[in-house]
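**Q** Per our numbering, the sequence shown starts with residue 197, numbered consecutively.
Using N, Cα and C, we set each Cβ at its ideal position, and we do this for glycine too.
Have a look at the structure that comes next, please.
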Amino acid sequence: MAGEITIRLAGVADLDRVLQIEQQAPAAAHWTRAVYEAIVLAEAGANPQRVLFVAESAGEIAGFAVARAVLTDCDLENIAVAKASLRSGVGRALLLRVCDWARDVGASELDAEVRASNAAALGLYLVAGFVEVGARSSYYSAPTEDARLLKLHL
């Protein structure tokens, strides 16, 4: 999928596609529709502390990212790109939008965890300026796997 990528806040009408993408991305965190719905509904507030962004390309949702801000820290909680859109810049565009949002809400750091085997995601984060700051043993399940902990100073 090539072309312009637009990043926007998700709406309830986007959740079916978000869940489709999530289910096709084994490295993504897998949450219920109710979790995503709660995020979208909370975004309607004046200053959301948790957001769900979607990336649109060629007229359809090609990926999504979820982030949460707590005081001066922000966590990238989930990011996934549709299989047809891998390596097309969607993940990078989502990550840059999360960084902008984190700065806008006053965060000075953005944290992320990535499966040790997820070389594509690790590469994306490192190119964006993240540094590895640690690891968590057996952090992920299905399959059990270590997490690499990353941090970006905003």
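Please return the same chain residues whose Cβ sits closer than 6 Å to the Cβ of D271, not counting the five positions on each side in sequence.
**A** Within the sequence shown, the letter at position 75 stands for residue 271. Contacts found: R264, D307.
**Q** Mind checking G255: buried by the 16 CB within 10 Å criterion, or exposed?
**A** Residue 255 sits at position 59 when you count from the first residue of the sequence shown. Exposed, by the Cβ-count rule.
**Q** In the DSSP assignment, the alpha helix (DSSP H) including V294 goes from what residue to what residue?
**A** The sequence position of residue 294 within the sequence shown is 98, counting from 1. From DSSP, the alpha helix (DSSP H) with V294 extends over 286 to 300.
**Q** Run the CB neighbour count on R293, radius 10 Å, all protein chains shown included, and call it buried at 16 or more, exposed below.
**A** Along the sequence shown, one-based indexing puts residue 293 at 97. Buried, since its Cβ has 16 or more Cβ neighbours within 10 Å.
**Q** Which residues in the same chain have their Cβ closer than 6 Å to the Cβ of V301, if we skip the five residues on either side of it in sequence?
**A** As a position in the sequence shown, residue 301 is number 105, starting the count at 1. A265.
**Q** Exposed or buried, G207, counting other C-beta atoms within 10 Å across all chains shown (16 or more means buried)?
**A** Indexing the sequence shown from 1 puts residue 207 at position 11. Under this definition G207 is an exposed residue.
**Q** For E309, count neighbouring Cβ atoms within 10 angstroms of its own Cβ and tell me buried if that reaches 16, exposed if not.
**A** Position 113 of the sequence shown, counted from the start, is the residue given in the question as residue 309. Burial call: buried.
**Q** Cα separation between A289 and L282?
**A** One-based indexing of the sequence shown puts residue 289 at position 93. One-based indexing of the sequence shown puts residue 282 at position 86. Cα to Cα, A289 sits roughly 12 Å from L282.
**Q** V214 and V250: beta carbons closer than 8 Å?
**A** Position 18 of the sequence shown, counted from the first residue, corresponds to residue 214. Position 54 of the sequence shown, counted from the first residue, corresponds to residue 250. Yes, these two residues count as a Cβ contact at 8 Å.
**Q** Which residues share a DSSP beta bridge with A343?
**A** As a working note, residue 343 is residue 147 in the sequence shown. The partner list for A343 (beta bridge, DSSP) reads R311, R332.
**Q** Beta-carbon of Y321 versus every beta-carbon of chain C: anything under 8 Å?
**A** Of the chains in the structure shown, none is chain C; there is only one protein chain.
**Q** Determine, using beta carbons only, whether V286 and S253 come nearer to each other than 8 Å.
**A** Here residue 286 refers to the residue found at position 90 when the sequence shown is read from its first residue. Here residue 253 refers to the residue found at position 57 when the sequence shown is read from its first residue. Yes; because the gap between Cβ atoms is below 8 Å, this pair is in contact.
**Q** For the alpha helix (DSSP H) containing D152, name the first residue and the last one.
**A** Beyond the ends of the chain as shown, which are 197 and 350, falls residue 152; an answer cannot be given.
**Q** Consult DSSP for A265 and reduce its assignment to one of helix, strand or coil.
**A** Reading the sequence shown from its first residue, position 69 is the one you call residue 265. Strand at A265.
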